[in-house]
Structure formats: structure tokens, C-alpha cells
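Its first residue numbered 32, the sequence shown is counted upward by one per residue in our numbering.
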Amino acid sequence: MGEVKVTSESLRAAEISLQLDMYDDIFSDFDPRPFSQRALSDDFLLEARRASRDKPNGAFEIRFMMPKEDRNPAEEQLIKRRLKDHFHKHYVETVGKTTAVTRKGYTLIILGIFVALGGGYIALYEHSFFAKVAIIVLEPASWFCIWSGFDHLVFNGKEYEEDLVFYEKMRNADILFEGY
């Protein structure tokens, strides 16, 4: 991907504009498969992530600038489909990870509450040596479960938030190719 040599009018119309020397710039150099199956380039993904960071949510355009003589409409359709599939797949995976973290957080909180209730029941109705040992074990266990559950909800869920926003933006983006 090189220096942009297009009019400022076409750049203003697009939310993200990237200049390509060839279609291979979008894909990994190490993957010999056809465009419909090929892995995306880490450089492309990093540049797309950086460029989309300050764009508002909602529909926007990704405009690839290509030399007119090197454009191939059939390949462009394959590339558009590949990009849409990639971003949709990763969006769905990230939603799944976020859901799993949230579910685990709530599960730990509920488990902690039940452990605390069990410890409270034992403390109220049982007065043997083993009951006192059980209380000593159950009380910190309940606090640990509740604390860990809130940790999952508040902090671990944030881990995927940036990825979720990026993949949602990219899967909804209009992908255009333009010659220069």
C-alpha cells in the first residue's frame, strides 16, 4: 500500500481510503490460495483498524484505490465477498466470546450467593466442629466467587469491546474499488 494519488473529492466521499498497487496488498503474502479463501494481510487489518477507530458507528465506505489498468471487476466481487465473510465471521466469534464472559460472570456471582447462603444456613443451624470448619471455608469461597464474577463482568468483557466495534463497523461497510 503506497502513497495516495487520487483527487481530494473522492477521498472526502469515502470514510476510509486505501491505495493498493495490486489486489494482493489486501491478502497475506504467505497464503497461496485464491482470493475467495485467502487469509487477510495483518498490515491491511491493522491499517483498517487504525483508520476506522475514529469513525462513528453506522454505515461508511471503504474505498480501495487501484490503477485503472490493473482492475478486474470479477476479482473485485470475490474480494468484496471475502472481506464481508471475514468481518462477519469475526464479529460472530467476538459476540460469542463476549457472551461467554458475561455468562461466566453471572454464573460466578450466583454461585457465590448460593455458597454464602449455604454458609449462613450452616452458621445458623449447625454448631459442630465440622460446621465451623465449613463456615471458615465457605465464607471466603463465596466472596471469591462474587468478586470474580464482577471482575468478569466489569473488566474481562471490556477486552473484546474494541474488537466488537471494529468488526461491526467493517461488516456493515460498503466496499468500493475505484481506479486512478
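Each residue gets a CB set at the ideal place from its N, CA and C atoms; glycine is no exception.
Would you give the residue range spanned by the beta strand (DSSP E) that residue 92 belongs to?
92-97
Could you check the C-alpha separation between residue 66 and residue 53 for me, to the nearest Å?
12 Å
Let me know if residue 180 comes out buried or exposed under the rule of 16 or more other beta-carbons within 10 Å of its beta-carbon.
buried
If the criterion is Cβ atoms closer than 8 Å, does the pair residue 118 and residue 208 meet it?
no
Quick test of your reading: residue 206 and residue 114, contact by CB under 8 Å. State the CB separation rounded to the nearest angstrom.
6 Å
Mind reading off the beta-carbon distance from residue 75 to residue 57? Whole number of angstroms is fine, and I expect it under 8 Å.
5 Å
For residue 83 versus residue 189, is the C-beta spacing smaller than 8 Å?
no
Using a Cβ-Cβ cut-off of 8 Å (strictly less than) and excluding sequence neighbours within five positions of residue 169, which residues of its own chain qualify?
146, 147, 149, 150 and 153
Ordered along the chain, which non-local residues of its own chain (more than five positions away) have a Cβ less than 7 Å from that of residue 128?
191
According to DSSP, residue 49 sits in a beta bridge with which residue or residues?
95
How about residue 60 and residue 69: do their beta carbons lie closer than 8 Å?
no
Counting along the chain, where does the beta strand (DSSP E) carrying residue 207 start and finish?
205-210
Which residues in the same chain as residue 187 place their Cβ atom closer than 6 Å to its Cβ, once the five residues preceding and following it in sequence are excluded?
132
Taking the straight line between their C-alpha atoms, what separation do you get for residue 162 and residue 85?
58 Å
Output needed for residue 125: all residues of its chain with C-beta closer than 8 Å, excluding positions within five of it in sequence on either side, in chain order.
191, 194, 195 and 198
Using DSSP bridges, identify the partner residues of residue 184.
In DSSP, residue 184 forms no bridge with anything.
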